[in-house]
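**Q** Sequence positions in the sequence shown follow numbering that gives the first Met the number 0 and run 0 to 320.
Before we start, here is the structure in question, set down as structure tokens.
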Amino acid sequence: MAVFTPVTEADAQGLLRTLGLGSLHSLAGIAAGIENSNFFVDAEGGRYVLTVFERLTHAQLPFYLGLMQHLARKGLPVPAPMADASGNTLFTLHGKPTALVSRLRGHHQLAPDVMHCEQLGQTLARMHRAVADFPLRQPNLRGLAWRQATAQVLLPKLSADEAELLRDEMRFQLELAASSSHQELPSGAVHADLFRDNALFDGLPGREQLSGVFDFYFAGVDTLLFDLAVCLNDWCIDLPTGRLIEPRAAALVAAYQAERPLSPTEHRLLPGLLRAAALRFWLSRLDDWHRPRSAEMLTPHDPRHFERVLRDRRAQPWHAQ
């Protein structure tokens with residue numbers, strides 16, 4: 000959610016007119032994030048988030064927008080894409096695909112406790128159940144093939160210790176993905192990036208309720224367990240060390256399982272998927288660090304955080320009860 004492509008008030012007003020949402024009240028760029036250009040839009044018709052997509056194409060985006068529509072219609076707290084009179088939700092600004100979605104209420108909880116993790120686990124499981132009849136298919140674009148290709152590009156840029164870790168982990172992940180057990184894992188359309196800054200909570204401290212899950216633009220068809228592992232690696236860790244905090248992790252998984260019980264194979268492979276999730280974000284942060292893109296508002300995340308997480312998951316495998 001950086002700003003790579005500036006959007007003017009005239010641009011925003013033109014889109015609002017197309018959507019029948021009235022006059023523009025305010026437009027403000029969103030500095031957080033590193034993938035797309037995002038803006039808060041307040042208008043006569045309501046409050047929205049405008050996204051100009053910097054990497055995804057017009058051909059890829061119907062999957063993401065369709066997934067949000069599908070989940071919103073099932074009662075999940077996700078942004079609803081705005082449609083014109085013909086039902087179109089995908090538009091173009093400055094030659095790039097663009098969408099306008101409803102803005103969710105609430106605030107980030109960047110220091111979650113057990114209560115927040117329980118709510119996240121329950122909502123994640125509800126999402127996984129809801130996609131059982133979602134008809135569109137698109138692979139996780141940051142899946143194993145992307146990890147292999149990105150690793151090869153980055154290896155010459157890394158220190159000897161980093162390169163050794165990356166080579167060894169890629170060997171492990173390739174073997175894991177080829178195993179018959181991995182093929183048994185349930186799969187479906189997953190968020191794949193549900194960090195604590197992609198969720199919102201509303202209400203008084205101590206009684207907050209999860210009010211929204213957003214930023215589905217890394218979504219794709221993958222194992223449901225990978226999605227759970229991504230959440231555990233962000234919501235349930237000690238940030239300085241990357242270590243899992245047992246009470247939070249146990250609460251998240253227990254709440255998830257109350258909605259969608261894990262299979263024996265999922266229980267057994269969770270440690271390997273926690274490593275896969277750590278590897279995916281270590282690689283993306285390394286890529287942004289070593290091959291940065293220009294933007295008006297952009298601060299790449301430090302890749303050393305997920306290197307610590309990956310090393311910890313390798314040294315201390317964690318199994319849910």
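For each residue, glycine too, the CB sits at the ideal point set by N, CA and C.
Note that the structure is predicted; figures quoted are calculated from it, not measured.
Quick one: is Ser283 buried, meaning 16 or more other Cβ sit within 10 Å of its Cβ, or exposed?
**A** Along the sequence shown, read from residue 1 onward, the residue named residue 283 stands at position 284. By the 16-neighbour rule on beta-carbons within 10 angstroms, Ser283 is buried.
**Q** Which residues in the same chain have their Cβ closer than 8 Å to the Cβ of Leu92, if we skip the five residues on either side of it in sequence?
**A** For the purposes of this step, residue 92 is taken as the residue at position 93 of the sequence shown. These residues qualify, in order along the chain: Thr4, Val6, Asp10, Leu14 and Val51.
**Q** Taking buried to mean at least 16 other C-beta atoms within 10 Å of its own C-beta, is Arg279 buried or exposed?
**A** On the sequence shown, residue 279 is found 280 positions in, with the first residue counted as 1. Counting Cβ neighbours within 10 Å, Arg279 comes out buried, since at least 16 surround it.
**Q** Only counting runs of 4 or more residues, tell me where the alpha helix (DSSP H) segments fall wholly within the segment 114-189, in order along the chain.
**A** 143-153, 159-177 and 179-183
**Q** To the nearest angstrom, report how far apart Glu168 and Ala162 are at their CA atoms.
**A** Position 169 of the sequence shown, counting from 1, holds the residue named residue 168. Position 163 of the sequence shown, counting from 1, holds the residue named residue 162. Taking the straight line joining both Cα atoms gives about 10 Å.
**Q** Tell me whether Leu18 is buried or exposed, calling it buried when 16 or more other Cβ atoms sit within 10 Å of its Cβ.
**A** Locating residue 18 in the sequence shown gives position 19, counting from the first residue. Per the 10 Å Cβ criterion, buried.
**Q** Please identify the residue among Leu238, Asp196, Leu224 and Ala319 whose C-alpha is closest to the C-alpha of Gly211.
**A** Here residue 211 refers to the residue found at position 212 when the sequence shown is read from its first residue. From the listed residues Leu238, Asp196, Leu224 and Ala319, the smallest Cα separation to Gly211 is found for Asp196.
**Q** What does a CB cutoff of less than 6 Å around Ala176 pick up in its chain, not counting 5 residues either side in sequence?
**A** Mapped onto the sequence shown, residue 176 falls at position 177. Shown here for Ala176: same chain residues with a beta carbon closer than 6 Å to its own, the five before and five after excluded, namely Leu143 in chain order.
**Q** May I ask you to report which of helix, strand or coil DSSP gives Pro260?
**A** Position 261 of the sequence shown, counted from the first residue, corresponds to residue 260. Reduced to three states, the DSSP call for Pro260 is coil.
**Q** Whole angstroms is fine: what's the gap from Gln315's alpha carbon to Arg170's?
**A** Position 316 of the sequence shown holds residue 315. Position 171 of the sequence shown holds residue 170. One C-alpha to the other measures close to 19 Å.
**Q** How should His190 be labelled, buried or exposed, when 16 other C-beta atoms within 10 angstroms of its C-beta is the threshold for buried?
**A** Within the sequence shown, the letter at position 191 stands for residue 190. Result: buried.
**Q** Which residues bound the beta strand (DSSP E) around Thr17?
**A** Taking the first residue of the sequence shown as position 1, residue 17 is located at position 18. Unbroken run through Thr17 is the alpha helix (DSSP H), Glu8 to Leu18; no beta strand (DSSP E).
**Q** Please report how far the alpha carbon of Leu261 lies from the alpha carbon of Phe215, in whole angstroms.
**A** As a first step, residue 261 must be located in the sequence shown, where it is residue number 262. As a first step, residue 215 must be located in the sequence shown, where it is residue number 216. Taking the straight line joining both Cα atoms gives about 23 Å.
**Q** Can you find at least 3 beta carbon pairs, one from the segment 147-155 and one from the segment 231-242, that sit closer than 8 Å?
**A** no
**Q** Comparing C-alpha positions only, which one of Gly28, Arg312 and Ala131 sits nearest to Arg259?
**A** Within the sequence shown, numbered from 1, the residue matching residue 259 stands at position 260. Ranking the options by Cα distance to Arg259, first place goes to Ala131.
**Q** Alpha carbon to alpha carbon, how far is Asn37 from Glu295? Give it in angstroms, no decimals.
**A** Sequence index remark: in the sequence shown, residue 295 carries index 296 (1-based). Sequence index remark: in the sequence shown, residue 37 carries index 38 (1-based). Caution applies to Glu295, whose pLDDT of 43 falls short of 50 and renders its modelled position unreliable; the model cannot decide the point.
**Q** Return the CA-CA distance between Leu55 and Asp311, expressed in angstroms with no decimal places.
**A** Working through the sequence shown from its first residue, we reach residue 55 at position 56. Working through the sequence shown from its first residue, we reach residue 311 at position 312. Computed Cα separation, rounded: 32 Å.
**Q** My assumption, with CB atoms under 8 Å, is that Ala254 sits in contact with Gly74. Please give the rounded CB distance.
**A** Reading the sequence shown from its first residue, position 255 is the one you call residue 254. Reading the sequence shown from its first residue, position 75 is the one you call residue 74. Actually they do not touch by this definition, with Cβ atoms about 18 Å apart.
**Q** Spatial neighbours of Val77 within its chain, please: CB distance less than 6 Å, with the 5 preceding and 5 following residues excluded, ordered by chain position.
**A** Locating residue 77 in the sequence shown gives position 78, where the first residue counts as 1. Hits under 6 Å: Met67, Leu70, Ala71 and Val212.
**Q** In whole angstroms, what is the alpha-carbon distance linking Leu243 and Gly219?
**A** In the sequence shown, the residue the question calls residue 243 occupies position 244. In the sequence shown, the residue the question calls residue 219 occupies position 220. C-alpha separation (whole angstroms): 26 Å.
**Q** Taking Cβ to Cβ, would you say Glu43 is nearer than 8 Å to His24?
**A** For the purposes of this step, residue 43 is identified with residue 44 of the sequence shown, where counting begins at 1. For the purposes of this step, residue 24 is identified with residue 25 of the sequence shown, where counting begins at 1. Cβ atoms of Glu43 and His24: closer than 8 Å.
**Q** Identify, in the order they occur along the chain, each residue of the same chain with its Cβ nearer than 8 Å to the Cβ of Cys116, setting aside the five sequence neighbours on each side.
**A** The residue labelled residue 116 in the question sits at position 117 within the sequence shown. Listed in chain order, the non-local C-beta contacts of Cys116 below 8 Å within the same chain comprise Trp234, Cys235, Arg247, Ala248, Ala250, Leu251 and Ala254, local neighbours out to five positions each way being set aside.
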